[in-house]
Structures are given as structure tokens and as C-alpha cells.
Amino acid sequence: MVVTSDTLIWKIQVADKQVNDSEPTTLAIAFDTMVNSENMLIVLGVIGNVTSFFVFASLLPTIWRIWKNKSVDEFKYHPLAVGIIHSIMWVFYSMPFVHPHSIPVTTVNSVGLVMYIIFNIIYYVNTNKTTRRSMVLHYIAEFVFLAGLVWSTLVTFDSHATRSGYVGFFCVFFGIILYGLDLGITVKAIRAKNVKSRLLLYSLVCFLNGLVWSAYALVKYDPYILIENSLGALIGCIQFLLYIGYYCVERFRTIKLSPVDDC
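All you need for the working numbering is the position in the sequence shown, starting with 1, plus 1329.
In C-alpha cells form, the structure reads like this:
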């Protein structure tokens, strides 16, 4: 078979056309994937802001009772104080010079920070002098730590990856402390048989909030958001199961006296 120059030119042109036609398809797929991921992040970020607001707002009944009664009763200030530094840590983490493109994290934790500051002020005004001194020392320690963290982050590390890793570690650390305090309150409430229906709803909201932000972290691939919120979802699930178990036990005790309903 004789291959003429015209045939070779035609084959080359066909091959070039196939290559050129395939490039837009590949780019289009990549672009669609990126757009879909960005849209998913926006949706999850908005939902996460809503669920997180309800988590923060769950303290409102307690704070209102403190304000109304002018007494903190047996409620400890530690979750409120840790909540401040936890929110500040995540706001700092989401800054453009630490971990850019994290606007949903900035907004939700900025709202949380404002709410925690208000809660702390109300608690401080209505507690005794001994607790006030303890709170002041706690705030001073937090301020010194945060100042040192900000300085060491900006001076020691010069890339987003290293800064994110350094600050993200402490974000997760304080998140674990906050979840531990929260779980302790749950156990104490169950032991004291002082469980209310809103606590059951609160644990469910915490569980859903953890799931939403875990999904956000998976799409964005942010290990620090993923670790903390996976733990938050787990703690919320444990709290929910503890409350359900408590209600079932109490209902079972009631059934012994009047076996009408079933758990």
C-alpha cells in the first residue's frame, strides 16, 4: 500500500483534531467538579453556621436563668471560659494568612465568640468574688497563651501549611477540652436525675452539627476541622444515647407501677 503525502497530512490533521477536541472535554469535567465542590462547600458552610448557632444558643436558657435569678447556682464557668478561647482559635485559624478560603469557619466562630463574651460577662456579674478572681486569672492565662501563639505562628512559620498545622493542633486540643466538659455535664445531670427534654434536643443538634462540619471538612479536605467535628458528632451521639437510656430506664420504673406505655 502506497501512502502519499496528502494521506499523511490528512491523518495528522485528524489526530490533531481528536486531541484538540478531547482537551475541552477534560477541562470541562475538571471545571464542573471544581464548581460542584465549591457549591457543596457553600451549602455545607451555610448549614453548618445554622447548626452551630443553635449549639451556641443552647446556653441561652441557662444564661437567662442566671440573669433572672442573679445567681449562677451550681453552673460552673469553665465551659464558658474555654468557649472563648476555642472560638478565638478557630477565628485565627481561618484567617487568610493562616488557612485561607475559610469564610464559613470565620463567620460561625465570630458569632460564637460574641455570644461567649456576653455569656461570660453575665456570669461574671452574677457570681461571687472568689469565682470572679478565678475567672480573671483564667482570662489572663488565655490572653498570654493566645499572644504567644499568634507571635510564634507569624514569626516561626512562613507557609500556610505549617501555620495551619500548628494552629489547627491547638484548635482541636481546646475542642477536646470543651467536649470533655460538655460530656461531664451530661453525666452529672443524669446522675442527679436532672435531665430535661431540651438536653436531649441539644445532644441531637450537636450530633448533626458534627456531621455537617465533618462533611464540609471532607469536601475541603481539612483534617483539623474533620478531627474535631468527628469527635463532636461522636460525643453528641453518646450524649443522645445516654439521655435515651435514661428516659427508657425511668419509663421502665414507671411501668412497674402502671404498665400502660412501652419504652
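Heads up, the beta-carbon is just placed ideally off N, CA and C, and yes, glycines get one too.
Touch check for the segment 1532-1544 and the segment 1444-1464: three-plus C-beta pairs under 8 Å? Three or more beta-carbon pairs separated by less than 8 Å are not found between the segment 1532-1544 and the segment 1444-1464, which leaves the two stretches without contact.
With a cut-off of 8 Å, do at least 3 Cβ pairs link the segment 1481-1493 to the segment 1422-1437? The segment 1481-1493 vs the segment 1422-1437: in contact.
Determine the contact status of L1510 and V1411, defining contact as a CB-CB distance below 8 Å. In the sequence shown, the residue the question calls residue 1510 occupies position 181. In the sequence shown, the residue the question calls residue 1411 occupies position 82. The answer is yes: Cβ separation under 8 Å.
N1455 versus F1472, N1558, I1395 and W1419, residue with shortest Cα-Cα distance: On the sequence shown, position 126 is the one that residue 1455 refers to. Ranking F1472, N1558, I1395 and W1419 by Cα distance to N1455 puts I1395 first.
Cutoff 8 Å; reference F1448; Cβ partners in own chain excluding five residues on either side: Translated into positions along the sequence shown, residue 1448 becomes position 119. Closer than 8 Å at Cβ, skipping near neighbours: L1388, I1392, L1409 and G1412.
Rounded straight-line distance, which links the Cα of V1434 to that of L1356: Position 27 of the sequence shown, counting from 1, holds the residue named residue 1356. Position 105 of the sequence shown, counting from 1, holds the residue named residue 1434. The pLDDT assigned to L1356 is 47, lower than 50, so where the model puts this residue is not dependable; a value taken from the coordinates is nonetheless given after this. The alpha-carbon atoms of L1356 and V1434 are separated by roughly 30 Å.
So the alpha helix (DSSP H) P1408 belongs to, where does it begin and stop? Translated into the one-based positions of the sequence shown, residue 1408 becomes position 79. Going by DSSP, P1408 is part of the alpha helix (DSSP H) stretching over H1407 to Y1422.
Assuming F1421 and V1496 are in contact, meaning their beta carbons sit under 8 Å apart, how far apart are those beta carbons, in whole angstroms? Against the sequence shown, residue 1421 aligns to sequence position 92. Against the sequence shown, residue 1496 aligns to sequence position 167. Going by Cβ atoms, the distance from F1421 to V1496 rounds to 6 Å, so yes, they are a contact pair.
L1529 to L1483, Cα distance in whole Å? Walking along the sequence shown from the start, residue 1529 turns up at place 200. Walking along the sequence shown from the start, residue 1483 turns up at place 154. Taking the Cα positions, L1529 is about 42 Å away from L1483.
Only counting the same chain, and skipping five residues up and downstream in sequence, which positions put a Cβ closer than 8 Å to that of A1544? Mapped onto the sequence shown, residue 1544 falls at position 215. For A1544, where only same-chain residues beyond five positions count, the Cβ hits under 8 Å are L1373.
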